[in-house]
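In what follows, a structure is listed as structure tokens, so that the remarks can point back to it.
This is the structure:
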């Protein structure tokens, strides 16, 4: 009969010892898990408990399909899948065996682990065991080739209190110990087969082959049995040690990863959370580690140091003292050293519970370098919410007035004048007065579309041209629209991201009041930042309306024929996805369709769509002083360089007023003026239409010929 | 209609503003100049210019300006001589006592005045409001006597020999509650002396961020100019005070003064408006600096600066 | 120790202007309001002194209800109390008289005012206030060295040209504070909102007494010849400027 003897060669007391060791290992494991949960509960607030069924289902799908792990690194995705499924199958396999031995047979008298079932079981486990080893080897080779994102060097110039070499050692020990378990497992199987030589074990192909090999080497019979006995204990104790150590090592991500995915906020970063009403200073943002939400504390432990966030971050890439990975790891070390396992064991570095998060080692410059572009949150395989965490850190700094003088001045200006330029309120509608037709005042008469224009689009000279041309497009298409004139204040998206929650609420409430007094069908914005906050964040403050971005509305008009492009422009263009339009709100296709409608050929930059590279203005950074270290290019200059690396692209197309400003500047400062021109999407569309006189002029430099660019 | 002018001096020198007051005052009537000092005699010649009818010296215990001493002296003089108009410069020292004397004696009062006229018996003063964007005519109904603090550099300093009579006036000394200790030179670095430069490239709030200072510093170097700034950049700590042009900084008179992003606050204009050729670049067409500039361009500072750099 | 800080909510004119029908002032529609820049420096200086020596910082302003916004701003910075004197006059004498009674009743050790307000630029109210209170004063102060025990303060006054006049002033005294003396702290909106819950003490003032002046007419001044404007693209403008520079410098 096809089966094998479990605990072969073990005396009763040895089996008893084995079960005792299992109990010990399990107890240590359990203590570790309890300690972790207790640590998370030290945070402020509770884990989210809404929609539990949906959360579990979503998490299961993400984990089982490896949907997030395989993004932008298919090889790692494959390797991890091999490891994951290998581990799971082996784990289930052991479980089946335990069930059979400890329950089914003695209690139910049911012995199923034999015959065809056993053969299938053997085959399955052998194949998946091999997969496990293959996956691990792939990972080891990848790690051995020292990819940049696994270099744990700090970018912020701070000597870490926690020796980074421990990370490297920990990583190799993790891979190594799993490999050890996998290889010794097969070795044991081979020894057993070499000793007992059952012919049906061909169903465990790798074990069988290895067994044949051992026999060929003369290892069989007694020798094999003795080696098997010793090897069994080695493998067994190693396995139990591994299990006991899970909560204390990198292996914890097996639990914390899925837990992080299950407890995440799907709107993290896009819709920031409000402060409690009338908050005390210690309730504003994150100042000490106990201020972190339990979900955030959990996320710190879910980090596997994969470095994808670090690789995607425009600040890290441009030499700012910010690496999202380092920030999360610094916070993890602080949480562990304050009330984690390390704290209870007294292992340095240790922190007092009232120790400031900002100080050592997290520099304020690190927190202020963030552009809140969401590249990190977008790509993290375990759903860590770096952007909201940084935002919470900023809230505390702002509350204490600890910020860059320029940011302070801008926030004061926004409070006084309602816009970031310090212009008198009357100037908001000035661009409209220069048009050939009247723009309705939505405060005074009903309109179909209420156009919330935004600071930059209303008051910045270059952007005013875009706004005026957009108005001409809408007018030509017969759209019934109006603006708020002086009733509009800064939408508050970037104020909120800079951490001034109170000012955001003030701006939002006054805008909501102004908008609520009007009669309209839907809101149009020409600024993705305003789009994000009105769409995602105003509802929580009482203002909920349908909102579209102008690329969406223009596409509607084109598709319905109300705007009919006539000229095929024939430019070879590339398109930069704005962070707040693309990653934040998933609007990727509409601008591309408009570009096609204007008869242009789109050449994608390597970093496009959800991998778009931020221009550097977001998160309030456009109002702060330069934090970039060294002489490298600014993010916007780097992006222009990326565009210039494409063949024969004459035009850089954007869909955000801040992008217009940043890239017009970057084209000049990177020395490419004349090589590439900047166009807003609506400007391209306008060029491809034939409108009445006065409407064609975009007053931007003439398009250079689509020639190969000068070196 | 008599006019009392109070002379201002420091370190033994009469300041130019005093003679500007004389120029303004002599349009209104015979001018009496009060010289208040510990040793007034050496200062008398400097104010004995055309248009001055009388010079009155007042001896006080303090060698440099002190509020209380000047206030007592001026109050006593006004009470004694009953001038129709008392003129002080709109200066840091005057701010310390002028308004107090005017309030105490029930005079009409206005400061930062840049135009004075007589309409019959009434004194009409012209000054600016709302950051120099509008002007206003003021009068002082019911006030027998008026004190005006005149904006420096508005009138030309009076010159030419005068034939004033000189007399002394006694004022009873009272203890000074704010006592001058010493004059202290501001901590200047071994930086360049902008008053000696023939070509100044000057930047103001319009340049936006601290990082942009570098760009203009480079441009200045390329063009062979010395970099100077207006007050806001010094207040913000971007540049040392030694580079500041203006009333509380240095007064300069270069052959060419090229201003980027300077709106032209009065205190700044006072420090540079006598420059040979003034060229101003500013995005605001209403910027006051265009009033004193010889050439102006309403354009983006950085665009123009960038183009300029190519030409030098 | 008690420091009284007199602040003003000033009016800010954009680049468009229309006058009231009586021609005596600008149409309020064209005016925005803000805390006087000098007063945030004065408030900060008072707060720093309080941090060093303990005591309280009391704000006083003269104006209509809208001017409480300026008080809230300074309360949010950390001041302890705020008093508003209901009065409509804006010339230095009228304002100083309105403030004097209230300030006197507070028995302050020091009174801070800004050197001047950005809308009127009279630079007089602080000094007149000192006179009405019978207090010693120093104007245009850029450094305050307060000796509580000796009841004296040594200040630096910033004279024209940057020269500093070091003066010893008996206290209680009135000091008018110049910009650049410190870095005013940020008043975050949360603090401003909380300041809105603080009750402002409103007093009235008998508005007798002569104003310093009367506005007879307000107008937009003629700009004289003004500058010769250079038009064109930045390149063209730069070219012209370069030509002028080269020609003048020889």
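Residue numbers (the working numbering), protein chains in the order written: chain A, 35 to 745; chain B, 272 to 583; chain C, 22 to 271.
From the three backbone atoms N, C-alpha and C, an ideal C-beta is built for every residue, glycine too.
#1: If the cut-off is 9 Å on Cβ atoms, which residues from the stretch 435-452 of chain A count as contacting chain B, listed in chain order?
#2: What does the Cβ neighbour count give for residue 254 (chain C), buried or exposed, with the cut at 16 atoms within 10 Å?
#3: Assign residue 65 (chain C) to buried or exposed, taking buried as 16 or more other Cβ atoms, counted over all protein chains shown, within 10 Å of its Cβ.
#4: What are the start and end residues of the beta strand (DSSP E) that includes residue 648 (chain A)?
#5: Give me whichever residues DSSP pairs with residue 325 (chain B) in a beta bridge.
#6: In terms of residue numbering, what span does the alpha helix (DSSP H) encompassing residue 271 (chain A) cover?
#7: Does residue 713 (chain A) come out as helix, strand or coil in the three-state DSSP assignment?
#8: Verify the CB distance criterion: does residue 562 (chain B) have a CB-CB separation below 8 Å to chain C?
#9: Which chain A residues are close to residue 489 (chain B), counting only those with a beta carbon under 9 Å from its beta carbon?
#10: Determine, using beta-carbon pairs with one atom in the stretch 62-77 of chain A and one in the stretch 278-294 of chain A, whether at least three such pairs fall under 8 Å.
#11: Among the residues of its own chain, which have a CB less than 6 Å from the CB of residue 631 (chain A), if the five just before and after it don't count?
#12: What is the DSSP secondary structure of residue 448 (chain B), reduced to helix, strand or coil?
#13: Look at residue 183 (chain C) and residue 536 (chain B) and say whether their C-beta atoms are less than 8 Å apart.
#14: Excluding the 5 residues preceding and the 5 following residue 351 (chain B) in the sequence, name in chain order all residues of the same chain whose CB lies nearer than 8 Å to its CB.
#15: Which residues of chain C have a Cβ atom closer than 8 Å to the Cβ of residue 557 (chain B), listed in chain order?
#16: Between residue 547 (chain B) and residue 261 (chain C), is the Cβ-Cβ spacing less than 8 Å?
#17: Tell me the DSSP bridge mates of residue 510 (chain A)?
#18: Report yes or no: is there a C-beta of chain B within less than 8 Å of the C-beta of residue 660 (chain A)?
#19: Three-state secondary structure (DSSP) at residue 563 (chain A)?
#20: Is the stretch 548-565 of chain A touching the stretch 479-497 of chain A in the sense that three or more CB pairs, one from each, lie closer than 8 Å?
#21: Note down the Cα distance separating residue 146 (chain C) from residue 570 (chain B), rounded to an integer number of angstroms.
#22: Tell me which residue opens and which closes the alpha helix (DSSP H) that residue 494 (chain B) is part of.
#23: For the stretch 134-200 of chain A, which segments carrying the alpha helix (DSSP H) assignment without a break, of at least 4 residues, lie completely within its bounds, in sequence order?
#24: If you drop the 5 nearest sequence neighbours on each side, which residues of the same chain put their C-beta closer than 8 Å to that of residue 626 (chain A)?
#25: Quick one: what does DSSP say residue 418 (chain A) is sitting in, helix, strand or coil?
#26: Report yes or no: is there a C-beta of chain E within less than 8 Å of the C-beta of residue 547 (chain B)?
#27: Please classify residue 267 (chain C) as buried or exposed, where buried requires at least 16 neighbouring CB atoms within 10 angstroms.
#28: Any idea what DSSP makes of residue 271 (chain C), helix, strand or coil?
#29: Just checking: is the beta-carbon of residue 570 (chain B) within a distance shorter than 8 Å of some beta-carbon in chain A?
#30: Report the partner residues of residue 549 (chain B) according to the DSSP bridge assignment.
#31: Can you give me the start and stop residues for the beta strand (DSSP E) that residue 237 (chain A) sits inside?
#32: With residue 176 (chain C) and residue 188 (chain C) assumed to form a contact (beta carbons below 8 Å), what rounded beta-carbon distance in angstroms separates them?
#33: Given a cut-off of 8 Å, decide if residue 98 (chain C) and residue 248 (chain C) are closer than it, judged by their beta-carbon atoms.
#34: On a CA-only basis, which of A:330, A:373, A:628, A:386 is nearest residue 361 (chain A)? Give me that one, please.
#35: Do residue 606 (chain A) and residue 682 (chain A) have their beta-carbon atoms positioned less than 8 Å apart in this structure?
#36: Where residue 387 (chain A) and residue 322 (chain A) are concerned, what is the direct C-alpha to C-alpha distance, given to the nearest angstrom?
Concretely, from the data shown:
#1: So the close ones are 439, 440, 443.
#2: Your numbering for residue 254 (chain C) matches position 233 in the third chain. With fewer than 16 other Cβ atoms within 10 Å, it is exposed.
#3: Locating residue 65 (chain C) in the third chain gives position 44, where the first residue counts as 1. Buried, by the Cβ-count rule.
#4: Indexing the first chain from 1 puts residue 648 (chain A) at position 614. In this chain, residue 648 (chain A) is not harboured by any beta strand (DSSP E), its DSSP state being neither H nor E.
#5: For the purposes of this step, residue 325 (chain B) is taken as residue 54 along the second chain, with counting starting at 1. In the DSSP output, where bridge partners are listed per residue, residue 325 (chain B) has B:303, B:436.
#6: On the first chain, residue 271 (chain A) is found 237 positions in, with the first residue counted as 1. Counting along the chain, the alpha helix (DSSP H) containing residue 271 (chain A) begins and ends at 255-279.
#7: For this step, residue 713 (chain A) is matched to residue 679 along the first chain. When secondary structure is reduced to three states using DSSP, residue 713 (chain A) falls in the strand class.
#8: The residue labelled residue 562 (chain B) in the question sits at position 291 within the second chain. With 8 Å as the cut-off, residue 562 (chain B) counts as an interface residue toward chain C.
#9: Taking the first residue of the second chain as 1, we reach residue 489 (chain B) at position 218. None at all; the shortest Cβ gap to chain A is about 13 Å.
#10: Verdict: yes, contact present.
#11: Counting from 1 along the first chain, the entry for residue 631 (chain A) is found at position 597. Correct list, in chain order: 592, 599.
#12: Within the second chain, residue 448 (chain B) is the residue found at index 177, counting from 1. In this structure, residue 448 (chain B) counts as coil in the three-state DSSP scheme.
#13: Sequence index remark: in the third chain, residue 183 (chain C) carries index 162 (1-based). Sequence index remark: in the second chain, residue 536 (chain B) carries index 265 (1-based). With respect to residue 536 (chain B), residue 183 (chain C) sits apart: the two C-beta atoms are not nearer than 8 Å.
#14: The count along the second chain starts at 1 and reaches residue 351 (chain B) at position 80. A distance below 8 Å between beta-carbons, with the five flanking residues on each side excluded, links residue 351 (chain B) to the following residues of its chain, in chain order: 440.
#15: The residue given as residue 557 (chain B) occupies position 286 in the second chain. Within 8 Å Cβ-Cβ: 36.
#16: Residue 547 (chain B) sits at position 276 when you count from the first residue of the second chain. Residue 261 (chain C) sits at position 240 when you count from the first residue of the third chain. No, the pair does not count as a contact, with Cβ atoms beyond the cut-off.
#17: Taking the first residue of the first chain as 1, we reach residue 510 (chain A) at position 476. Beta-bridge pairing links residue 510 (chain A) to no other residue.
#18: Numbered from 1 along the first chain, position 626 holds the residue referred to as residue 660 (chain A). Taking Cβ atoms only, chain B reaches closer than 8 Å to residue 660 (chain A), which makes this a yes.
#19: For the purposes of this step, residue 563 (chain A) is identified with residue 529 of the first chain, where counting begins at 1. Of the three classes helix, strand and coil, the one that applies to residue 563 (chain A) here is helix, per DSSP.
#20: yes
#21: Numbered from 1 along the third chain, position 125 holds the residue referred to as residue 146 (chain C). Numbered from 1 along the second chain, position 299 holds the residue referred to as residue 570 (chain B). Each residue's alpha carbon lies about 39 Å from the other.
#22: Taking the second chain and counting its residues from 1, one reaches residue 494 (chain B) at position 223. Taken as a continuous stretch (DSSP letters only), the alpha helix (DSSP H) holding residue 494 (chain B) covers 483-494.
#23: 149-178
#24: Taking the first chain and counting its residues from 1, the one referred to as residue 626 (chain A) is at position 592. Counting only Cβ-Cβ distances below 8 Å, and skipping sequence neighbours, we find 609, 636.
#25: For this step, residue 418 (chain A) is matched to residue 384 along the first chain. Residue 418 (chain A): coil per DSSP, three-state reduction.
#26: You won't find chain E in this structure, because its protein chains are A, B and C.
#27: Taking the first residue of the third chain as position 1, residue 267 (chain C) is located at position 246. For residue 267 (chain C), the number of other beta carbons within 10 angstroms of its own is below 16, and it is reported as exposed.
#28: Taking the third chain and counting its residues from 1, one reaches residue 271 (chain C) at position 250. Coil.
#29: On the second chain, residue 570 (chain B) is found 299 positions in, with the first residue counted as 1. Not closer than 8 Å to any Cβ of chain A, the Cβ of residue 570 (chain B) fails to qualify, so no.
#30: Here residue 549 (chain B) corresponds to residue number 278 of the second chain, with the count starting at 1. In DSSP, residue 549 (chain B) forms a bridge with B:528.
#31: For the purposes of this step, residue 237 (chain A) is taken as the residue at position 203 of the first chain. It is not in any beta strand (DSSP E) - residue 237 (chain A) carries neither H nor E in the DSSP assignment.
#32: As a working note, residue 176 (chain C) is residue 155 in the third chain. As a working note, residue 188 (chain C) is residue 167 in the third chain. Contact flag correct, Cβ pair sits at about 6 Å.
#33: For the purposes of this step, residue 248 (chain C) is taken as the residue at position 227 of the third chain. For the purposes of this step, residue 98 (chain C) is taken as the residue at position 77 of the third chain. Going by C-beta atoms, residue 248 (chain C) is not nearer than 8 Å to residue 98 (chain C).
#34: Numbered from its first residue, the first chain carries residue 361 (chain A) at position 327. Per the Cα distances, A:330.
#35: Position 648 of the first chain, counting from 1, holds the residue named residue 682 (chain A). Position 572 of the first chain, counting from 1, holds the residue named residue 606 (chain A). Yes, the Cβ-Cβ distance between residue 682 (chain A) and residue 606 (chain A) is below 8 Å.
#36: Numbered from 1 along the first chain, position 353 holds the residue referred to as residue 387 (chain A). Numbered from 1 along the first chain, position 288 holds the residue referred to as residue 322 (chain A). Each residue's alpha carbon lies about 7 Å from the other.
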